[in-house]
Structure formats: C-alpha cells, structure tokens
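Whatever position you read off the sequence shown (first residue = 1), add 146 for this note's numbering. Below is one structure, written out as structure tokens; the observations come after it.
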Amino acid sequence: MKAIGARRKLGGAIYILPNLITTGNLFFGFFSIVKGLQGNFLWASGAILLAAIFDVLDGRVARMTNSQSEFGVQYDSLCDLISFGAAPALLMYKAGLSEAGRFGWIVCFMFLACGALRLARFNVQSSIGKASGDFTGLPIPMAAGVVACFVALWMEFETKPSDFQLLFWIENLIQNSMFRQWFFGITGLLLAMAMVTNIPYRSHKTLNIRGIKPFRLLVLAVGMVALIATQPEIFGFIIFFGYALSGPLEWLFGWTKIVDDDDIFEQSEQGSIEP
C-alpha cells in the first residue's frame, strides 16, 4: 500500500514539473517587460532568449515523463503569448519604434496579434492531429528570437566596439536610430505576416539524423557551440533571422507547398458551451 501511495505522489510531482518549467518561461517573459520599461534592453532581450530555453524544456520534460495534459498545452500558449508576443512587441517599441508615432505602435500590435493567432491555430491543429510534422507559419519563439538577438547585437556593439572592418560597418549601421526604426518597422510587419502565413517551416521533429554516426554528430555539435560562443550575438541573430527566411525561400524554390488550414474553423464536435 505504501508503494502504491508513493507512486501516486510521484505521478503528481511529475505532472506539476512541466508546468513549473512553463512558469519559468512566464517569469522571464514578465522580467523582459519590466526591463524593457526600465530601458535596460540588454537584459530584456536576454530574458526573452531564456524564456525560449524554458519553452523548449517544458515540452521535452512533458514528453519524457509522459505527463502531457490539455491544461499544460493551454497554459504553455498563454505564457508564450506573454514571453514571445507582448515582451518582444514592447521591446521593439521602446528600442526603436517609440518615435515612429502611430505607425510604431501599430507594428507592435500587429506582431502581438499575429502571434496570438499563430498560437491559437497551432493549438487547434494539435487537437485535430495536424501539428505533428513541420510548422505552419513561423513559430512565435523564433519571431521573438529575431527581435531579441537584434537588440542584443546592438547593445553588444555599444558596450564593446569591434576592430574588424565589416563588424565596424555593421556597428555604425545598427547604432543609427533611423536604421533601427526602419528595421523594426519592416521586420516587425514581415515577422507578423510570417507567423500567420500558410508557408511551412521545418521542424526539428522531421530532421533525419539517423544516418549520422553519434560521434560525428557530437563533434559537429561541439564545433557549432564553439563557433557560436565566439560571437553569440551575431551568430544568434543569423540563426534566428535565417530560420525566419528559410520558409519563404523553400516555398519560392518549390521545395515546400502551402498548407491548407481551413479545417481549424470547423465547428467543434462538442458544440457550443452554454453559459
């Protein structure tokens, strides 16, 4: 009897663990908002990236412990909207679009609204079994990563000027307030459109690495970590921005096809809920 009771307690703890990690995601999203309001953009961008790490961990832990639940799915989406919707939208506004007037806050609102639509569509596709392969539209954490890494790159150049000619040119360009305003304005709208588009984006779940020997895969991973560690802000931005471009480029070259998502608006079998 004691063994059965201990097993039930352990099951409850395992069920709570992914939601605790999701709460860490929410904490760093809120922390990013606070730092953004204070004008500490480096901390604000770093908090968004930390939230992304927790967002990856909660799903992995839930699958490893077989503790997925509908509550966890909905809670994760609400936290994602704060960490990867509201936080980067505010960061864009405070870091570059506050002087753009009405256009500035409209761009930030579009980013937030399209992020909410992207999360709602993903939840519906998951519930009907159509979210097991590639992503439909740009995932909201990747869109937030583009904003966060750009701000981190800008702040890094302000604190540590570079002696390399190419990096010096990039540094002068990013430190121009007008360039940042145009970058956030155009990129913010494009990221918003990418999140709600029907263009597929590659998922790590569909990557085929079975043919690569484990040792070679380990060496490749170590090499990539070492490369990113040399200039994390630059390579981080390249990775996130490159992924955001990968979907449209693959579609233009004919490597992927537009996904039909009309079924997300079909009436639920459970019908409407009476108040």
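Cβ coordinates follow ideal geometry from the N, Cα and C atoms, glycine included.
Tell me, which residues are paired with P346 by DSSP?
Residue mapping note: residue 346 aligns to position 200 of the sequence shown, counting from 1. Paired residue(s): T282.
If you draw a straight line from the C-alpha of G369 to the C-alpha of Q377, how long is it?
Numbered from 1 along the sequence shown, position 223 holds the residue referred to as residue 369. Numbered from 1 along the sequence shown, position 231 holds the residue referred to as residue 377. Approximately 13 Å, taken between the alpha carbons.
Evaluate contact between the stretch 290-301 and the stretch 272-281, counting only Cβ atoms and requiring at least three cross-stretch pairs below 8 Å.
no
If you draw a straight line from the C-alpha of L364 to the C-alpha of L373, how long is it?
Counting from one through the sequence shown, the residue named residue 364 turns up at place 218. Counting from one through the sequence shown, the residue named residue 373 turns up at place 227. Going from the Cα of L364 to the Cα of L373 covers about 14 Å.
Between the alpha carbons of F249 and E379, how many angstroms are there, rounded?
By 1-based counting over the sequence shown, the position of residue 249 is 103. By 1-based counting over the sequence shown, the position of residue 379 is 233. Cα-Cα distance, rounded: 28 Å.
Between L196 and the rest of its own chain, which residues show a CB-CB distance below 6 Å, the 5 nearest in sequence each way excluded?
Taking the sequence shown and counting its residues from 1, one reaches residue 196 at position 50. Excluding sequence neighbours, L196 sits near F174.
Taking I274 as part of the alpha helix (DSSP H), name the residues at either end of that continuous run.
For the purposes of this step, residue 274 is taken as the residue at position 128 of the sequence shown. Note, I274: premise wrong, no alpha helix (DSSP H); not H, not E.
Just the C-alpha distance for I332 and N269, rounded to the nearest angstrom, thanks.
The count along the sequence shown starts at 1 and reaches residue 332 at position 186. The count along the sequence shown starts at 1 and reaches residue 269 at position 123. Cα to Cα, the separation comes out at about 28 Å.
By DSSP, does D226 sit in helix, in strand, or in coil?
Taking the first residue of the sequence shown as 1, we reach residue 226 at position 80. Correct three-state label for D226: helix.
Considering only residues of the same chain and omitting the five flanking positions on each side of W300, which have a CB-CB separation below 8 Å?
Sequence index remark: in the sequence shown, residue 300 carries index 154 (1-based). So the qualifying residues of the chain are F187, A241, I320, Q321, R326.
Assigned secondary structure, N171 (DSSP; H/G/I helix, E/B strand, else coil)
Locating residue 171 in the sequence shown gives position 25, counting from the first residue. Looking at N171 - three-state DSSP - the assignment turns out to be helix.
With H, G and I counted as helix, E and B as strand and the rest as coil, what does DSSP make of T376?
Position 230 of the sequence shown, counting from 1, holds the residue named residue 376. In this structure, T376 counts as helix in the three-state DSSP scheme.
Over what stretch of residues does the alpha helix (DSSP H) that includes D204 continue unbroken?
As a first step, residue 204 must be located in the sequence shown, where it is residue number 58. Residues 187-210.
Per-residue DSSP class, three states only, for A404:
Residue 404 sits at position 258 when you count from the first residue of the sequence shown. The identity of residue 404 in the sequence shown is Ile, whereas the question assumes Ala. Residue state, collapsed to three classes: coil.
Sequence-distant residues of the same chain with beta carbon closer than 6 Å to A233, five excluded per side
Position 87 of the sequence shown, counted from the first residue, corresponds to residue 233. So the list reads G175, S178, I179, I194, once near-sequence residues are dropped.
Residues in the same chain with beta-carbon distance under 6 Å from F330, minus the five sequence neighbours each way, listed in chain order, please.
Here residue 330 is taken as the residue at index 184 of the sequence shown, counted from 1. M238, G242, L243, listed in sequence order.
Between the Cα of K403 and those of I345, G170, N165, spot the shortest distance and give me the residue it belongs to.
Here residue 403 is taken as the residue at index 257 of the sequence shown, counted from 1. When only C-alpha atoms are compared, the closest one is I345.
In the structure shown, what three-state DSSP assignment does S215 receive?
Indexing the sequence shown from 1 puts residue 215 at position 69. S215: coil per DSSP, three-state reduction.
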